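Beneath this line is the structure, given in structure tokens, with notes to follow.
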Amino acid sequence: MSIVLRSGKIAELLFLSVAIALVLYYLWSALQGKPQPLRHLPAVDAISDGVDRAVEEGKPVYVGAGDLAYLSGMYAPMTINGMNILRYTSRLCVQKGAKIMIPAPYNPEALPLIDGIYREVCVSEGKPEAYNRENVRYYGNREMSWYMGAIQDVLSTGCSLLVLVGALSSAGIYIAGAALDDGALVIAGTPRYAHQASWAAMADYPLFCEDIYGAGALCSGDPVVASSQVGGDLVKLIMIGIAIVFAALAVVGLPVATKGGWLFQ
Amino acid sequence: MEVSQASEEPSLASKITSKRFYQRSIPLFIVSVLVGLYIADYFIGYEGKTVGPLTPLTSELNTWGTIISLFILLFSNIILLAMHFRTVARERVRRKEIFRSVSFMVSAVFFAILAFASGPKLTSGPLYTLVWTAVYGTMGLGIAIGHHTFFTWHAMRRLRGVTSADGIALLVSTVLSLFLYTTAVTPIFPQFDAIANWIKGIPNTAAQRSALAAAAVGGIILGVRALVGREPGLIEREM
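Sequence order for the protein chains is L and E. In case it helps, this note's numbering puts the first sequence at residues 263 to 527. In case it helps, this note's numbering puts the second sequence at residues 325 to 563.
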């Protein structure tokens, strides 16, 4: 049996190769000392303001990577970016002296990691006493128990800032509702497209789809990570160009997206 | 000066035994190799077959991935129990925290006993399923309905403050979509059906697909960083 390229994968391989080449180029540029700047995201800037507000009000900051923050499957990239934002927010809280509460996801597989990030931030900021294990909250492994527990915590402690960015289901909107009732600032978003409208309605600073990856890169503070995002922007521009050109070609009758057409070679 | 520089250089043994090496460098290397393997398996196959030369390897890796995930889950659950046990064992703890921790541990023990009492099927056994459905199913349904009302109320309150163009577009789309599912409005004004279905089918589908594509690009970027070992990782960055 001879080894060949799988049938119908040529277009995908071409696209992936271009995407990898662009991302690698920007990674290489960053490693050569030419990092690409990312523009400011208002949602990320608002985190610092929200933490200041929490210090003034004496109420805690709730921050999490989402109720679906799993380390495997399609939610893993969302979780990783959510963790970068969690680290950034935690650091600001520890620096400025705000109390932090971290709702852990349903599936507790990421809980040791969340706990580790929180502890590391406290130690690295020279305030190991700021770490309190009980501030990492676990509400059970079902959606309903999760939002019941989260709402109960928000109602009992109050909330000045809610930062919920990562892999979110509809459960997040309930904690956002409780936080909004308490006058909190809500910064939230997920790449899960079915939940975009929820956060458009419920967040003061919503993050949509790939905004989460941009926010994660900004919060990581790593120029290499930020530069690779710029490569991704070029990939998206190419995708838009391809979509327009191929749509025009399909309209004139060329076999672009038909069965066995150019895109499915 | 040279002497002090040489003494600051860590030895090979200390590099290998450092937390940074075994908690970051080794896992990143493993991830990098695995990403390469899975990409290769996706594109390379035997002629006329659905499997490829790497398929047995990726299949085996998937099994090991599941096994390791289960260990991580077990580890996480042990940490959870330990956290609650420590809370109860500490002297100065608020009553509320003790109540929470005791409830957690009692529930864990109760459901563990229930699973073993349900026969060889454990959590799929009839007794466990009955109690779980009666306790969680009934309560969960009531909670879910209550919270849907809660969310709808909040969403409507938030829409009061809509002033931007995209907010107004969202509000109009929401109202039209709501009309689509109402038995009172659509029969009287059948044109809502066409308008709302057009919104669902054309701009909504286009936005969903572009959102999915943009999110996929984010995944590719992460994969490329992992492939070349430049993903910074999540732990051991601070110390």
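Using N, Cα and C, we set each Cβ at its ideal position, and we do this for glycine too. Because the structure is a prediction, the values reported are computed rather than measured.
- Starting from the C-beta of E/Gly443, find all residues in its chain whose C-beta is less than 6 Å away, skip the five residues before and the five after it, and write them out in chain order. For the purposes of this step, residue 443 of chain E is taken as residue 119 along the second sequence, with counting starting at 1. Counting only Cβ-Cβ distances below 6 Å, and skipping sequence neighbours, we find Gly449.
- Message: Quick check: the segment 475–494 of chain L against the segment 278–297 of chain L, are at least 3 beta-carbon pairs closer than 8 Å?
- Response: Taking 8 Å as the limit for Cβ pairs, the verdict is that the segment 475–494 of chain L does touch the segment 278–297 of chain L.
- Any chance the segment 324–337 of chain L sits against the segment 411–431 of chain L, with 3 or more Cβ pairs inside 8 Å? With a cut-off of 8 Å, the segment 411–431 of chain L and the segment 324–337 of chain L count as touching, because enough Cβ pairs lie within range.
- Stretch pair the segment 409–421 of chain E + the segment 402–414 of chain L: three plus CB contacts closer than 8 Å: The segment 409–421 of chain E is not in contact with the segment 402–414 of chain L.
- Query: What in chain L is Cβ-close to E/Lys373, meaning under 9 Å?
  - Reply: Locating residue 373 of chain E in the second sequence gives position 49, counting from the first residue. Among the residues of chain L, those whose CB is under 9 Å from the CB of E/Lys373 are Met263, following chain order.
- Using a threshold of 7 Å, state whether the C-beta atoms of E/Leu336 and L/Met345 are closer than that. Translated into positions along the second sequence, residue 336 of chain E becomes position 12. Translated into positions along the first sequence, residue 345 of chain L becomes position 83. Taking a C-beta distance under 7 Å as the contact criterion, E/Leu336 and L/Met345 do not qualify as a contact pair.
- What are the boundary residues of the alpha helix (DSSP H) that includes L/Gly344? By one-based count along the first sequence, residue 344 of chain L stands at place 82. That run of the alpha helix (DSSP H) goes Ala338 to Lys358.
- Query: Three or more beta-carbon pairs under 8 Å between the segment 329–338 of chain L and the segment 302–310 of chain L, yes or no?
  - Reply: No contact exists between the segment 329–338 of chain L and the segment 302–310 of chain L.
- Query: Comparing the C-beta of E/Val548 with each C-beta of chain L, is any distance below 7 Å?
  - Reply: As a working mapping, residue 548 of chain E is identified with position 224 in the second sequence. Judged by the 7 Å Cβ criterion, E/Val548 is in contact with chain L.
- Query: If the cut is a Cβ gap below 9 Å, which residues of chain L does E/Gly464 touch?
  - Reply: Your numbering for residue 464 of chain E matches position 140 in the second sequence. Chain L residues near E/Gly464: Arg404, Glu405, Met406 and Ser407.
- Message: Quick check on E/Leu558 - is its C-beta less than 7 Å from some C-beta in chain L?
- Response: For the purposes of this step, residue 558 of chain E is taken as residue 234 along the second sequence, with counting starting at 1. Yes, its Cβ sits closer than 7 Å to a Cβ of chain L.
- Determine which residues of the segment 525–544 of chain E have a Cβ less than 7 Å from any Cβ of chain L, and write them out in chain order. Of all residues in the segment 525–544 of chain E, only Gln532, Ala535, Leu536, Ala537, Ala538, Ala539, Val541, Gly542, Gly543 and Ile544 place a beta-carbon less than 7 Å from a beta-carbon of chain L.
- Task: Could you work out which residues of chain L lie near E/Tyr460, taking near to mean beta carbons separated by less than 9 Å?
- Result: Here residue 460 of chain E refers to the residue found at position 136 when the second sequence is read from its first residue. Using a Cβ-Cβ cut-off of 9 Å, E/Tyr460 is close to Arg404, Met406 and Ser407 of chain L, given in chain order.
- Message: DSSP has L/Val448 in a bridge; who is on the other side?
- Response: The residue given as residue 448 of chain L occupies position 186 in the first sequence. Answer is L/Leu424, bridged to L/Val448.
- Message: Can you tell me whether L/Met263 is helix, strand or coil according to DSSP?
- Response: By one-based count along the first sequence, residue 263 of chain L stands at place 1. Three-state result, L/Met263: coil.
- Query: If we cut at 7 Å on Cβ distances, does L/Arg268 have a partner in chain E?
  - Reply: Translated into the one-based positions of the first sequence, residue 268 of chain L becomes position 6. So, interface residue.
- Beta-carbon gap between E/Ala539 and L/Cys471 smaller than 7 Å: Along the second sequence, one-based indexing puts residue 539 of chain E at 215. Along the first sequence, one-based indexing puts residue 471 of chain L at 209. Closer than 7 Å, so yes.
- In chain E, what lies closer than 7 Å to L/Pro299 by C-beta? The residue given as residue 299 of chain L occupies position 37 in the first sequence. Proximity of chain E to L/Pro299 at the Cβ level (cut-off 7 Å) is not reached, the minimal Cβ distance being about 17 Å.
- Message: Taking 7 Å as the threshold (beta carbon to beta carbon), is L/Pro390 in contact with chain E?
- Response: Residue 390 of chain L sits at position 128 when you count from the first residue of the first sequence. Not a single C-beta of chain E is nearer than 7 Å to the C-beta of L/Pro390.
- Counting only runs of 3+ residues fully inside the segment 328–391 of chain E, write out the beta strand (DSSP E) ranges in chain order. Counting only runs of 3 or more, we get 368–370.
- Inter-residue Cα distance where the pair is L/Lys296 and E/Arg554: Position 34 of the first sequence holds residue 296 of chain L. Position 230 of the second sequence holds residue 554 of chain E. Those two C-alpha atoms are separated by around 16 Å.
- Item | Residues in the segment 408–425 of chain L having any Cβ partner in chain A nearer than 7 Å | Checking the listed chains, one finds no chain A in this structure; the protein chains it contains are L and E.
- Item | Other residues of its chain near L/Ile433: CB distance less than 6 Å, five sequence neighbours each side excluded | Reading the first sequence from its first residue, position 171 is the one you call residue 433 of chain L. Checking the sequence, you will find Ala at residue 433 of chain L rather than Ile. Excluding positions up to five away in sequence, the list reads Asp329, Glu405, Trp408 and Tyr409.
- Item | Beta carbon proximity, L/Met363 to chain E, threshold 7 Å | Stepping through the first sequence from its first residue, residue 363 of chain L is reached at position 101. Cβ-Cβ to chain E under 7 Å: no for L/Met363.
- Task: Identify the contact partners of E/Asn401 in chain L, using a Cβ-Cβ distance below 8 Å as the criterion.
- Result: Here residue 401 of chain E refers to the residue found at position 77 of the second sequence. Listed by position along chain L, the residues whose Cβ is nearer than 8 Å to that of E/Asn401 are Pro370.
- Query: Per DSSP, L/Leu530 forms a beta bridge with which residues?
  - Reply: Chain L is shown from 263 up to 527; residue 530 of chain L falls before or after that span and cannot be answered.
- Message: Taking the beta strand (DSSP E) that L/Ile362 belongs to, which residues open and close that run?
- Response: By one-based count along the first sequence, residue 362 of chain L stands at place 100. Looking at the DSSP string, the run of the beta strand (DSSP E) that includes L/Ile362 is Ile362 to Pro365.
- Message: At the level of alpha carbons, what is the spacing between L/Ala273 and E/Ile354?
- Response: What you label residue 273 of chain L is simply residue 11 of the first sequence in a count that begins at 1. What you label residue 354 of chain E is simply residue 30 of the second sequence in a count that begins at 1. Rounded to whole angstroms, the separation of the alpha carbons of E/Ile354 and L/Ala273 is 28 Å.
- Query: Got a sec: which bits of the segment 408–421 of chain E sit with their beta carbon under 7 Å from any beta carbon on chain L, in order along the chain?
  - Reply: Among the residues of the segment 408–421 of chain E, those with a Cβ less than 7 Å away from any Cβ of chain L are Thr411 and Glu421, in the order of the chain.
- Is there a Cβ from chain L that is less than 7 Å from the Cβ of E/Tyr370? On the second sequence, residue 370 of chain E is found 46 positions in, with the first residue counted as 1. Under the 7 Å criterion on CB atoms, E/Tyr370 is classed as interfacial with respect to chain L.
- Rounded to whole angstroms, how far is the Cβ of E/Ile396 from the Cβ of L/Glu371, which I believe are closer than 8 Å? For the purposes of this step, residue 396 of chain E is taken as residue 72 along the second sequence, with counting starting at 1. For the purposes of this step, residue 371 of chain L is taken as residue 109 along the first sequence, with counting starting at 1. Indeed, because the Cβ distance is near 5 Å, the residues count as touching under 8 Å.
- Query: Residues of chain L with CB under 7 Å from E/Leu602, in chain order?
  - Reply: Since the first and last residues shown for chain E are 325 and 563, residue 602 of chain E lies out of range.
- Message: I'd like to confirm the pairing. Which residues does DSSP put opposite L/Gly326 in its beta bridges?
- Response: By 1-based counting over the first sequence, the position of residue 326 of chain L is 64. Per DSSP, L/Leu426.
- Item | Under 9 Å by beta carbon: chain E residues contacting L/Ile347 | Reading the first sequence from its first residue, position 85 is the one you call residue 347 of chain L. Within chain E, no residue has its CB atom less than 9 Å from the CB of L/Ile347, the nearest being about 12 Å off.
- What runs of the alpha helix (DSSP H), each 4 residues or longer, lie entirely inside the segment 458–512 of chain E? For the segment 458–512 of chain E, whole alpha helix (DSSP H) runs of length 4 or above, ordered along the chain, are 462–483, 489–504 and 509–512.
- Item | Partners in chain L for E/Arg344, counting only beta-carbon separations shorter than 7 Å | Reading the second sequence from its first residue, position 20 is the one you call residue 344 of chain E. Those within 7 Å of E/Arg344 in chain L number zero; the least Cβ separation is about 12 Å.
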